[in-house]
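**Student:**
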């Protein structure tokens, strides 16, 4: 009896299902869903759709699952006599809950916003913004702790709600008792402050909720009080950072996914609400259960009661996202719980994905090598200790880590042989490629691996193989798109593969490429941004000068250096190379133009959107035309356009030009995918990480990176659970204490539970290998260097003579090919040589940047300065240049920028973030209005046939009943301010810009210090004032010239 048949007989019970790769996990879930619907057909209850929750881990997976369920429901509709029931089910599916965990939690919080005490219009914070606030929170935490250490008193300057400030002060007050431990934490444990900051940022981002609930192991206190108290110091610092970070995010109606989950768990702590949702959801289906963590498991536990049912599906062998907080121990412990309670634990075993030869290989290599209990010792013989400790303290969980025929042996369902090409002499679907003389350095091996992969592909493409297609088994020629090359990491290998494959004329698509910010065309633009940020930095200027943006010759640079040296001899010691270059008339006009453009944008960066600077550099330096000289110019142009799009996307978060540069740097760590002419659908070889391949299948898998050592964990904190208590320890402390266990048995007893965490880390590579090999449906080819060391990934695939014979007994034969790269791999340079010449650039690449080169940007402050108020305007400009955005006014301004409802505004007032009450006066204005915050408006304006760009950034623009209202917030007391007229001019200027969008009715200048309002009306002759100011501006420029 199949698993689905067993489930069909008894729908209403809890199920835990282990599903090896290719065994129909999605098929089982979707059919289980429809079986529930069929059960309720008898009761004519189509509303059951609202009582089924399906949770998976990506939006793509959720969409595919919903699509499949809709198809199955359509099939039931077509053959059922009860058309009315299935018609209603079809209609109800539009609101079916099939989503990610994050989306599911958001749904609950928005539904229950009053009971959850949350604004329903909250948003999910972007990664770049999250990184910005994490960095700020950690910086302020360290500043407060160091102030406390030095002076005993701290002034909390960050603008967060009063309750959070109070909590921060309480934590700091507690830390006063730990001064000695604070010193030892930085002097003895973390001598490098940057490493400590990175650790604190990492824990704040990934583990803040778990840390809040966890404690230092009690046994450790009795042995090592100094380390224990230092761990407590770290936790208090983490909690301070958490309060500040959440003050900037949650209290500003912005949540990251961690905060959404924490808020949902807190909400479900309410007994009444928990019971409500247990009653609401009859069936809770969780896909990819191996990728959950303890907080997510807690969510399912809270939703589960006596009258509803859990359906967990996953595969511990495919738990490879530990670096994203997934914890394979959740899967193991939950399976244990189900078994102890006598719940149904089943296994999907029939493999419908891969050829029978491959399935038999997967079984053998999993049992004998990857998930064998025989541990391969590393060179220091440390690994055995951790595994033995785990085995002793948790034997049930330990046994579940390894291969178990009952759950893990797959049954091949695609049994066919047909035609299979040989690489050299044997027609087998399993081909081991053994490389001689790999070299001592990883770089050598990386180069040779790419050459071997190219050799394999060139020798197989075009040959005939029998494969399974949608229409059945067919003989066809092997294509480039049949191949995928999988590696643990693409780091430092993308360019190697690209260069090698280009020599062999093999089309290559790098999936989720990580080389974007290493591309020359991108580095050139980033260097230009650094130069714009500080043109007087000689290093940045020099990088800009020689970049593809400028293409200056060395002789031109010599002129700059010579002139600069001469000036120093004349006593001008502090002149930068940029200032010197401005005095030189170069023979090459493009160099003169580059210097002029650099000066222009180094001044404009304070007044225009940072991303506009980037666009201006590209346009005015004719960068796309220069890129035509690049060998790979199509991709270079696409990459530059991608950078512009990325910069525009994060532009709203950048409060200054320097901050945009920092955010782009953060982006380089988070999202580095290249633009490319090849894609997933083209006839090209795919190169990707094993992580990126999860859930996919490919005809032919080439597995590389087997010469790399096993991955070391990058998790900075470790956890252990004993009964209902969670303990934590920093990995650095654990590693230090582990060295002392030989001399002190008590230390071992205090930290032994954390050894399990270490084992889960060390077995992650094994699970990655399992994922990699099981992506193959027709052929599997690992590239193994014969000189690989014992602690490399290759050891989990290498076969002994006895294992080879056993494999031959299962599959008939397999091909083992030895390759000497220098002797066996040749390519014809003449046939692959390409001639590149300058080509006309397609206008398609330029059209979306037309109009980005402005004659002159004119801000309201500039105009006001040329209406007889030069001194006042200059003072304002100086404030703009040196404002670091850390003042109370800036914090309030930032909070107000995200306010779009009167309830959000009242929240700021109630929390004393906004110390005056303005919501009552604005309530009628906000009601029914469409509100845009910090709208950057640009309007062309012509004076004497010359084009100017007027631009402004009103704090809020409200569209209401065909009329426009403008709000501008000022953190000043109007009675004591000399700038009232300037503020009025500014808001009139905004209203003038908005005339193209409707009728500007009124403007309001609002004091966030006193709550005063100043009403402003736009006069009819305001355009004349603008014209007069611009004419005055131009005449002043001519006088200066």
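In full-length UniProt numbering, the protein residues as written are 1 to 1041. No residue lacks a Cβ here, since even glycine has one placed at the ideal position from N, Cα and C.
Suppose contacts are defined by Cβ-Cβ distances below 8 Å. Is residue 286 in contact with residue 300 by that definition?
**Tutor:** The answer is yes: Cβ separation under 8 Å.
**Student:** For the region 235-303, list the alpha helix (DSSP H) runs that are entirely contained and at least 4 residues long, ordered along the chain.
**Tutor:** Entirely contained in the region 235-303, the alpha helix (DSSP H) runs reaching 4 residues are, in chain order, 257-268, 271-280 and 294-303.
**Student:** Any idea what DSSP makes of residue 351, helix, strand or coil?
**Tutor:** Here residue 351 sits in strand by DSSP.
**Student:** How close, in whole Å, do the beta carbons of residue 504 and residue 16 come, if the pair is a contact with beta carbons under 8 Å?
**Tutor:** Between residue 16 and residue 504 the Cβ distance is about 48 Å, and since that is not below 8 Å, they are no contact.
**Student:** Could you name the residues of the same chain whose beta carbon sits closer than 7 Å to that of residue 849, not counting the 5 residues immediately before and after it, in chain order?
**Tutor:** Residue placement at residue 849 cannot be trusted, given a pLDDT of 41 that sits under 50; the coordinates are not used to answer.
**Student:** For the pair the region 446-461 and the region 788-805, tell me if three or more CB-CB distances fall below 8 Å.
**Tutor:** No, because fewer than three Cβ pairs between the region 446-461 and the region 788-805 fall closer than 8 Å, the two stretches do not touch.
**Student:** Taking C-beta to C-beta, are residue 175 and residue 236 nearer than 8 Å?
**Tutor:** It is a contact, given that the beta carbons lie within the stated cut-off.
**Student:** Kindly provide the ranges of any alpha helix (DSSP H) runs that are 4 or more residues long and lie completely inside the region 94-166, ordered along the chain.
**Tutor:** Fully enclosed alpha helix (DSSP H) runs of 4 or longer: 101-111 and 127-151.
**Student:** Can you check DSSP and say which residues form a bridge with residue 968?
**Tutor:** Looking at the DSSP assignment, residue 968 forms a beta bridge with 1005.
**Student:** Given a threshold of 16 other Cβ atoms within 10 Å of its Cβ, counted over all protein chains shown, does residue 130 qualify as buried or as exposed?
**Tutor:** Classification of residue 130: buried, given that the 10 Å Cβ count is 16 or more.
**Student:** For residue 1015, list the residues DSSP reports as bridge partners.
**Tutor:** Paired residue(s): 1004.
**Student:** Is the Cβ-Cβ distance between residue 949 and residue 957 less than 8 Å?
**Tutor:** No.
**Student:** Going by C-alpha to C-alpha distance, which of 780, 1017 and 815 sits closest to residue 485?
**Tutor:** Looking at the Cα atoms, 780 is the closest of the given residues.
**Student:** For residue 180, name the three-state secondary structure that DSSP assigns.
**Tutor:** DSSP places residue 180 in helix when its eight states are reduced to three.
**Student:** Given this structure, state the Cα-to-Cα distance separating residue 495 from residue 481, to the nearest angstrom.
**Tutor:** Taking the straight line joining both Cα atoms gives about 20 Å.
**Student:** Taking just the CA atoms, how far does residue 99 sit from residue 677?
**Tutor:** Caution applies to residue 677, whose pLDDT of 44 falls short of 50 and renders its modelled position unreliable; the model cannot decide the point.
**Student:** At what residues does the alpha helix (DSSP H) containing residue 329 begin and finish?
**Tutor:** Its alpha helix (DSSP H) spans residues 328-341.
**Student:** Spatial neighbours of residue 996 within its chain, please: C-beta separation below 8 Å, excluding the five flanking residues on both sides.
**Tutor:** Closer than 8 Å at the Cβ level, and outside the excluded window around residue 996, lie 939.
**Student:** Buried or exposed, going by whether 16 or more other CB atoms sit within 10 Å of the CB of residue 878?
**Tutor:** Only weak support is given to the placement of residue 878: the predicted model assigns it a pLDDT of 31, under 50, and the question is left unresolved by the model.
**Student:** Give the C-beta separation of residue 35 and residue 7 to the nearest angstrom, bearing in mind that I take them to be a contact with Cβ-Cβ under 8 Å.
**Tutor:** Confirmed, about 7 Å.
**Student:** Short of 7 Å in beta carbon distance, which residues of its chain neighbour residue 335, apart from the five on each side in sequence? Order them along the chain.
**Tutor:** Taken in chain order, the residues that qualify are 16, 345 and 400.
**Student:** Excluding sequence positions up to five away, which residues of its chain have a Cβ less than 6 Å from the Cβ of residue 434?
**Tutor:** Excluding residues within five positions, the ones whose Cβ falls inside 6 Å are 784, 786 and 818.
**Student:** For residue 408, does the three-state DSSP call read helix, strand or coil?
**Tutor:** Helix.
**Student:** Which residues does DSSP pair with residue 703 in a beta bridge?
**Tutor:** For residue 703, which the question treats as bridged, DSSP gives the partners 486 and 782.
**Student:** Quick check: the Cα distance between residue 12 and residue 53, rounded to an integer number of angstroms?
**Tutor:** The alpha-carbon atoms of residue 12 and residue 53 are separated by roughly 15 Å.
**Student:** Can you give the beta carbon distance from residue 256 to residue 249, rounded, assuming they're within the 8 Å contact cut?
**Tutor:** 7 Å between Cβ atoms; contact.
**Student:** I believe residue 354 touches residue 776 by the beta-carbon criterion, under 8 Å. Please report the beta-carbon distance rounded to the nearest angstrom.
**Tutor:** That pair is a contact at about 6 Å.
**Student:** With a 10 Å radius around its C-beta and 16 neighbouring C-beta atoms as the bar for buried, classify residue 228 as buried or exposed.
**Tutor:** Buried, because 16 or more other Cβ atoms sit within 10 Å of the Cβ of residue 228.
**Student:** Going by beta-carbon coordinates alone, are residue 623 and residue 613 separated by less than 8 Å?
**Tutor:** For residue 623 and residue 613, no; Cβs fall outside 8 Å.
**Student:** Does the Cβ-Cβ distance between residue 793 and residue 706 come in under 8 Å?
**Tutor:** Their beta carbons are under 8 Å apart, which means residue 793 touches residue 706 by this criterion.
**Student:** Going by Cα to Cα distance, which pick from 522, 861, 368 and 369 is closest to residue 606?
**Tutor:** Among 522, 861, 368 and 369, the Cα nearest to that of residue 606 belongs to 861.
**Student:** Count the other C-beta atoms from every protein chain shown that fall within 10 angstroms of the C-beta of residue 20, then say buried if there are 16 or more, exposed otherwise.
**Tutor:** Buried.
**Student:** Given 8 Å as the limit, is there contact between the region 960-980 and the region 1005-1014, that is, 3 or more CB pairs closer than that?
**Tutor:** Yes: at least three Cβ pairs fall under 8 Å.
**Student:** Is DSSP giving residue 1 helix, strand or coil here?
**Tutor:** Coil at residue 1, not helix or strand.
**Student:** Near residue 49, which residues of its chain fall below 7 Å by C-beta distance, leaving aside the five closest residues on each side in sequence?
**Tutor:** Hits under 7 Å: 89, 92, 93 and 96.
**Student:** With DSSP as the reference, identify every bridge partner of residue 418, one or two as the case may be.
**Tutor:** Answer by DSSP bridge pairing: none, since residue 418 is not bridged.
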